[in-house]
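Novice: Right, I'll just put the structure down here and ask away after.
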Amino acid sequence: MSASSAFNDEKGGSSSVGEPEYGHDPASGGIFSSDYKRHDDLKEMLDSNKDSLKLEAMKRIVAMIARGKNASDLFPAVVKNVACKNIEVKKLVYVYLVRYAEEQQDLALLSISTFQRGLKDPNQLIRASALRVLSSIRVTIIVPIMMLAIKEAASDMSPYVRKTAAHAIPKLYSLDPEQKDQLIEVIEKLLADKTTLVAGSVVMAFEEVCPERIDLIHKNYRKLCNLLIDVEEWGQVVIINMLTRYARTQFLNPNINESLLEEGGGGEKTFYGSDEDEDEDEEEKEKKAEAAAMAKRKPYVMDPDHRLLLRNTKPLLQSRNAAVVMAVAQLYFHLAPKAEVGVIAKALVRLLRSHSEVQYVVLQNVATMTIKRRGMFEPYLKSFYIRSTDPTQIKILKLEVLTNLANETNISTILREFQTYIKSMDKDFVAATIQAIGRCATNIGEVRDTCLNGLVQLLSNRDELVVAESVVVIKKLLQMQPEKHSDIIKHMAKLTDNIQVPMARASILWLIGEYCEHVPKIAPDVLRKMAKSFTNEEDIVKLQIINLAAKLYLTNSKQTKLLTQYVLNLAKYDQNYDIRDRARFIRQLIVPTEKSGALSKYAKKLFLALKPAPVLESPFKDRDHFQLGSLSHLLNAKAGGYQELPDWPEAAPDPSVRNVEVPEWTKCSSREKRKEKKVEKPFYSDSEGESGPTESADSGNCGGGESDSASGSESGSGSEESGSGSESEESEEGSDSEEEEEDEEEKKKKKKKETKKPVQESESRTGSLPSSHARQQLPVQQPGDGPGGLVPVRLRPFPGGTSRPPPPLSPSALLGLTAVSLPSQTIAPSSALKNYELLHRITGEGLSVEYCFSRQPFSPDANMVAVQMQFTNSATADTKNLHIEDAKLQSGMRVKEFPEIELLPAGETATAVMGIDFCDSTQAANFQLCTHTRKFFVSIQPPVGELMRSVFLTENEFKKEQGELMGMNEITEKLTLDAKCRNEHAIVQRVTAAANLSRVPCGSDREFAGRTVTSGSLVLVTVATGEDGSAQLTVNCEKMVIGTMLVKDILLALTQ
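Numbering (our numbering), first residue to last: 13 to 1068.
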């Protein structure tokens, strides 16, 4: 407690008498008084009955805390207002309590009942603040209360409160680790949350509490990948780092084949060796050849989930947050195939324009990357040139990167840069540059002599530090070819008179001793000079003088015997015990006596053995075993809380663990489905393959790819071919017996696929009339009718000659109405109607439910989106009393239930329509689908394009409305159109597939208009095309969130 609060406790209730408050010591009374009076006005305001005064007082107190001033003595006055009815005052009181609850735990505990009431407050901010304060009171006695509060908050309707619950989990875990099992249950529940606000926080809690429980991530992996782009920046960093470790345990190394082939290649290089080598390496070669053959036999195929992670993180390389870019870069470095890692180089180079602190971290990671993946940074060599304004540590890191990037082609440019750097006034930087020149000379043999000559010229530099560093580097270089450079050794011997830096003197003495046979006349003289100054030298130099004496005694004892004895006698009485021990050891070794041991015979071999040349390596060589971007990598030491990066598994774990039985809103990306369909296309005959279900399904995916992956219940049902849903209506088509036989064959073929993917498609049952016609009519078309029959499948309605009546909400009515004046608009319904699975037949125990957004007005309520549902009873027993119960909706959302289906016989299908008012948001509508025996929890989440209805505008009206929706209501993106999407027809088709918009006729660009279903806000889309597939997408919308999401969906539709 502070002095003032201690005094407050001491003074008791004397203030009521009205006497001035003084301490017991008269000398200190004034100090106590002024300290006490300092916050009197605030206390009076907090005790006031007026909320306005309390609010003003709390604002001032929070401002004090923000400026770093201590306001802890106000705790009793503030905590009294925790039950204040004014929401604004209550919010600020909670802010104050979060700051000081840990310091004033006893007083905070008195108000714990108020915090518990706050957890039930209708205002989400109050509920979250109450939980935050509760978790800030670090007292073990309230652990059960905190646990209960966290469990309740984890089920709260507000994502903000659920996020706060996730933040409270690590606090409770640090207070009482025994609660781990219960906390893991809460984490598991929150990991299943579908909101972006919660995702980052719960993954952080997962990392703190149970990072080893990888099994909790399996079912949520795809959802996290798809949510990633919309999570807040710091949440993205946490999720990416966690997914990096997850992927290293669940997927195979994408570069495994390359490494095996490289090993095999290495074996081939040494194939034409000597006979002895062949005998020795025969087994090894066989193994390498086997490995290479294995690699060729089993080509690596990337897991679709691995690809999903790489694809969904790539756009984050453009993030404004350096930490996010760094996180994606390390993910690509650790997980991506070599051919794809290069994309991170440009993003990292962009970060070099940031503050020096960011540069330091980025360069540390780039330095590690350039050792293994040098090629990806070579195009950006000039970005690593050093500026005079760079801090020393940045200069040294850039030098490291430049040295790593040096090769035969760019070494001349780099050495010219280094020559400039040597003239710098920064001595540490100059020393680092000289070391860098030495490393370049070691790594690139062609420039070794050039570098050596340059360093020898530096020996005449006026600056002693430059000369000293040059000597050390030259010493290392001379070890590679000493016989060629005896003149350099002589030159360096002369420097002993001038150079005073101990390391440099020691290096010169070592060189002369090691290569004394190359300078037989100079070496003894150097020893004579050194013996004179022996007592004044540094320890490192003394040790080298002893070594020089020993080597000269063994090679030239006539001239140096007495000198050696003199030096050893001096060393015998030195203050340093290392030097004394060295002298005693060498004397016994080189001077033979009766007591000499067996080693003295081998003295020459010991001292004058050939020593390998030193390998000058980067200090970043072995850092890549730490996860890039981590504190451990930065420090090159394991930091507290660091999670090791797992090794790649040898065999791929079971990928089915990531499959979600109950429909989740991100099951897999539609792009993967398109790839599957491309493989399946040849399965059909030519007439079917040309424009059968695959093509119409493709077009549906093309428009709604990303929005579907973010839409809530995608499970592949909309893009899997299945002929089992249209047989019940074949008799109504009036087709002959031949047609029925062909349909039966087609059905058998397709059922083979169903054994692999039991998800069923029912476009024909849910109102996608053209595609169902395509499926049934195309197999019996005459050859001559082919082209004529192919175009209408997706572009315009079939003529009225078909005898089949349309389903209740078939788009054919809309098509017929609009085809006269707006022919291009008719593209939208057939390609955009996409089926989603609501209930899988396995989960539903034989009952499967699919739904689609029919893009028709919902007659009971125009502000609702019409959702058409198809119920199929695959069970053997009848299903009764199909209806909806217990709708859990976000505030403002409404549901109009479909009429109860009293009986659905086994093997039969029924259709119903329900209306949902999504309130112009993509939040999911959750409810229970009930039968007479079971209840199933299901969820419908709309793509943003289904939240609007098409409207007709003339070009003038469009331009006028667009002019009023400028500024923040306008979002513009540049893009490059997909090669198949560069004609007007394809663009219109893909835009209308992605969103329920109508084409503005006679527009100069491709212009589309619509209104949001609930609020009627205008949505205007313009696609202006240029040359070479370049285009500009503009969306004008009053609701900026809708506009932003729509831009993403349309961009995806046009670029894939």
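Where a beta carbon is used, it is the ideal one built from N, C-alpha and C, also for glycine.
Could you tell me whether the Cβ atoms of Lys410 and Leu467 are closer together than 8 Å?
Specialist: No.
Novice: By the DSSP assignment, the alpha helix (DSSP H) with Leu122 in it spans what residues?
Specialist: Per DSSP, Leu122 belongs to the alpha helix (DSSP H) from 117-122.
Novice: Would you tell me roughly how many angstroms separate the C-alpha atoms of Val105 and Asp133, rounded to the nearest one?
Specialist: Each residue's alpha carbon lies about 15 Å from the other.
Novice: For Glu481, report the span of its alpha helix (DSSP H) as first-last.
Specialist: Start and end: 476-490.
Novice: Are there 16 or more other CB atoms within 10 angstroms of the CB of Pro327, so buried, or fewer, so exposed?
Specialist: It counts as exposed.
Novice: Run the CB neighbour count on Ile854, radius 10 Å, all protein chains shown included, and call it buried at 16 or more, exposed below.
Specialist: Per the 10 Å Cβ criterion, exposed.
Novice: What does a CB cutoff of less than 7 Å around Pro403 pick up in its chain, not counting 5 residues either side in sequence?
Specialist: Closer than 7 Å at Cβ, skipping near neighbours: Ser368.
Novice: Return the CA-CA distance between Ile501 and Pro311, expressed in angstroms with no decimal places.
Specialist: So the alpha carbons of these two residues sit roughly 56 Å apart.
Novice: Scan the stretch 117-160 and note each continuous alpha helix (DSSP H) run of 4 residues or more that stays entirely inside, going in chain order.
Specialist: Listed in chain order, the complete alpha helix (DSSP H) runs (minimum 4 residues) inside the stretch 117-160 are 117-122, 124-130, 136-148.
Novice: Per the DSSP calculation, Ala1036 is bridged to which residue(s)?
Specialist: Paired residues: Gln1044.
Novice: In terms of residue numbering, what span does the beta strand (DSSP E) encompassing Ser951 cover?
Specialist: 947-952 is the span of the beta strand (DSSP E), which, as asked, contains Ser951.
Novice: Going by the CB atoms, is the gap between Met158 and Leu184 shorter than 8 Å?
Specialist: Closer than 8 Å, so yes.
Novice: Kindly confirm or deny that the stretch 907-924 and the stretch 1035-1055 touch, where touching means at least three C-beta pairs closer than 8 Å.
Specialist: Verdict: no, contact absent.
Novice: Would you kindly check if the distance between the Cβ of Gly450 and the Cβ of Val485 is under 8 Å?
Specialist: Yes.
Novice: Alpha carbon to alpha carbon, how far is Ala1005 from Ala448?
Specialist: Looking at the two C-alpha atoms, the distance is approximately 58 Å.
Novice: Tell me the DSSP secondary structure of Val7 in three-state form.
Specialist: Nothing in the structure corresponds to residue 7, since the chain is present only between 13 and 1068.
Novice: Compute the Euclidean distance between the alpha carbons of Ser84 and Ala120, then round it to the nearest angstrom.
Specialist: Near 12 Å, if we compare the C-alpha coordinates of Ala120 and Ser84.
Novice: Could you pull the start and end residues of the beta strand (DSSP E) that Lys92 belongs to?
Specialist: That residue, Lys92, is in no beta strand (DSSP E); it is neither H nor E in DSSP.
Novice: Pull up the distance between the alpha-carbon of Tyr397 and that of Lys623, whole angstroms please.
Specialist: Those two C-alpha atoms are separated by around 36 Å.
Novice: For Tyr258, count neighbouring Cβ atoms within 10 angstroms of its own Cβ and tell me buried if that reaches 16, exposed if not.
Specialist: The residue is buried, with at least 16 neighbouring Cβ atoms inside 10 Å.
Novice: Over the uninterrupted beta strand (DSSP E) stretch that includes Gly1050, give me the two end residues.
Specialist: Residue identity check: residue 1050 is Glu in the sequence provided, not Gly. Premise fails: Glu1050 is in no beta strand (DSSP E) and is neither H nor E.
Novice: Could you tell me the distance, in whole angstroms, from the CA atom of Ala844 to the CA atom of Gly979?
Specialist: For Ala844, the predicted model reports a pLDDT of 49, less than 50, meaning its position is unreliable and no value from the coordinates is stated.
Novice: Just to confirm the assignment, what range does the alpha helix (DSSP H) spanning Ala1007 have?
Specialist: Looking at the DSSP string, Ala1007 is not in any alpha helix (DSSP H), and its letter there is neither H nor E.
Novice: Is Gln882 helix, strand or coil when you go by DSSP?
Specialist: Strand.
Novice: Can the beta-carbon of Leu131 be found less than 8 Å from the beta-carbon of Arg139?
Specialist: Yes, they are a contact pair.
Novice: Name the two residues that bound the continuous alpha helix (DSSP H) containing Ser424.
Specialist: Segment 423-433, the alpha helix (DSSP H) holding Ser424.
Novice: Starting from Ser213, follow the beta strand (DSSP E) in both directions and report where the run begins and ends.
Specialist: Where Ser213 is concerned, there is no enclosing beta strand (DSSP E), although the alpha helix (DSSP H) it sits in stretches over 208-221.
Novice: Report yes if the C-beta distance between Phe213 and His179 is below 8 Å; otherwise report no.
Specialist: The residue you asked about is not Phe; residue 213 is Ser in the sequence shown. Contact flag set, yes.
Novice: On a Cα-Cα basis, can you pick out the residue from Lys66, Ala75, Ile534, Leu555 that is closest to Val91?
Specialist: Checking every option, the nearest Cα to that of Val91 belongs to Lys66.
Novice: Using a Cβ-Cβ cut-off of 7 Å (strictly less than) and excluding sequence neighbours within five positions of Glu68, which residues of its own chain qualify?
Specialist: Result list for Glu68: Met57, in chain order.
Novice: Alpha carbon to alpha carbon, how far is Asp227 from Arg670?
Specialist: Each residue's alpha carbon lies about 9 Å from the other.
Novice: Which one of Ile896, Gln902, Asp929 has the shortest CA to CA distance from Glu914?
Specialist: Nearest C-alpha to Glu914: Ile896.
Novice: Please list, in chain order, all residues of the same chain as Ala166 whose beta carbon is under 7 Å from its beta carbon, the five residues on each side excluded.
Specialist: These residues qualify, in order along the chain: Arg174, Ala177, Val198, Lys201, Leu202.
Novice: Give the straight-line distance between the Cα atoms of Val336 and Ala204, rounded to the nearest whole angstrom.
Specialist: Whole-angstrom Cα-Cα distance: 23 Å.
Novice: From Leu417 to Arg386, what does the alpha carbon distance come to, in whole angstroms?
Specialist: Going from the Cα of Leu417 to the Cα of Arg386 covers about 6 Å.
Novice: Should Tyr172 and Leu209 be called a contact, given that it needs their Cβ atoms to be closer than 8 Å?
Specialist: Yes, these two residues count as a Cβ contact at 8 Å.
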